[in-house]
Amino acid sequence: MNRADVTKADVDKAKAAMRAIFPETPLQMNEHLSRRYGAEIWLKREDLSPVRSYKIRGAFNFLRKAIAAGAGGTTFVCASAGNHAQGFAFVCRHFEVPGVVFMPVTTPQQKIDKTRMFGGEFITIRLIGDIFDQCYAAARAHVEEIGGVMVPPFDDADIIEGQATVAAEIVEQLPDGTTADLVIMPVGGGGLSSGMTGYLDRIVAPENFVFTEPEGAPSLKKSLEAGEPVTLAKVDNFVDGAAVARIGDLNFKALKRFSPDQVLLLPENAICVTITDMLNVEGVVLEPAGALSITALEALGREKLAGKTVVCVVSGGNFDFERLPDVKERAMRYSGLKKYFILRLPQRPGALRDFLNLLGPEDDIARFEYLKKSARNFGSILIGIETTRPENFAALVERFDAANMGYQDITENDILASLII
């Protein structure tokens, strides 16, 4: 199929069929965010689906229609190391059809175990290749070999139609007489955003859609600027659920009518602030891609949001807690609450005490490491400092300068930070 459009009747039919596998995910007005921005902020909680992401929707719709067309005895195949694999596995078990999931060898064991748990006896997992492209090629070759059916993650009309059920539920769940002034969605390959914008076409004005991508994977924005799908030469995989090098062809066809100015590129470290804030304040666990739409609220600002009804699609909550220390580190650095310095201290008694006396009452040493003896009379020290308010660092630097302290702030130096921090 090569169409990109969705129809209300088909999406509503898919939504009704979907109730056999899971209930609608809640649309919740969030008091914490609503007070912060002076608006009604509604969160569409796709992190509360059975597989903690919206990906189950597209996979269900694809298999539902394929089986109805006579593919029930066929083996279904997908390539994914994340949410698509888990949704696919869950749906294969529901329909009791065999499925093969290809994953890179580098896939974390947690994701492998969850996929196996969701699919049970109906799923076979094959670990192939070090990167996704190698894994995907192996999956395609397997489909050709066995005459199976490939289930794509986003670039397919039935997948798009399934993801559009998110929008259909939102329309039903908003209070009577209420329409969204802004709908904010994360974008990876474009399956969710192309489906939702198609369904909401006559309900939400085109200019009231906001698309969010991580700065390190701007596939939609670059494609809209170029007027055609663009393959990114490099992708930052930190926001793994949205780190796609090329938006789907069908998905771009559906989204090309929008302006590149409607796509917000969000720093990966800002996304980490949202993850920690939602965990600490609301007790909500979000994966990086799932935090994109909420992070966009800060980028838009209270002035643009005040008085409006805003729907944010929270796309997933499959967060590996082994990543939490890195997320906290990134969040503190982005918020200006943590910095790293290389100090050049004279090698004499009392030099370290002199430095410690420069610290303020809210400054805390989080890292201290002697690097090397850079000269006979001086030594270099890597020091990480945490504080409670960003303005404390301005005062600390002033004290450094007044004391003629030799220092270099390396917090935003990506090369040094990656090697040392």
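Using my numbering, the final residue of the sequence shown is 432, and nothing's skipped along the way.
Cβ atoms here follow ideal geometry from the backbone N, Cα and C, with glycine treated the same way.
Residue i - DSSP class collapsed to helix/strand/coil
i	result
D23	helix
P229	coil
D420	strand
V221	strand
S270	coil
E402	helix
S346	coil
R378	strand
Y351	strand
R46	helix
T86	coil
K339	helix
R63	coil
G209	helix
F389	strand
Y55	In the sequence as presented, Tyr is not what sits at residue 55; that position holds Lys. Three-state DSSP puts K55 in a strand.
I396	strand
L369	coil
T176	helix
Q358	coil
T320	strand
F113	strand
Assigned exposure category for residue i - 16 Cβ within 10 Å defines buried
i	result
R63	buried
E333	exposed
P473	Given a span of 12 to 432 for the chain in the structure shown, any question on residue 473 remains unanswerable.
G312	exposed
R344	buried
G318	exposed
G201	buried
D144	exposed
A265	buried
A168	buried
N41	buried
I286	buried
E218	exposed
N388	exposed
N291	exposed
L203	buried
P186	exposed
Member of the options whose CA lies at the smallest distance from the CA of residue i
i	options	result
I136	A92, I142, A168 and A191	A92
A50	R75, N262, C323 and Q121	C323
H95	A148, F165 and K55	F165
R400	V102, R75, I134 and D375	D375
N424	A178, I353, A20 and P109	I353
F248	G259, P229, P240 and A413	One detail in the question is off: residue 248 reads as Asn in this sequence, not Phe. It is P229 whose Cα lies nearest to the Cα of N248.
D141	V295, G159, T287 and M114	M114
L348	G417, N388, I282 and T422	T422
N368	F330, M416, K350 and R378	M416
E35	K125, G173, G159 and I139	G173
R68	L54, K26 and F87	K26
E180	G371, L356 and D23	D23
Residue i at chain C interface by Cβ criterion, 8 Å
i	result
T135	The chain inventory of the structure shown lacks chain C, comprising one protein chain alone.
Anticipated Cβ contact below 8 Å, residue i with residue j, distance rounded
i	j	result
A175	M207	6 Å
A342	V284	5 Å
I392	E380	7 Å
In the segment 115–155, which residue ranges form an unbroken alpha helix (DSSP H) of at least 4 residues, counting only runs that do not cross its ends?
120–130
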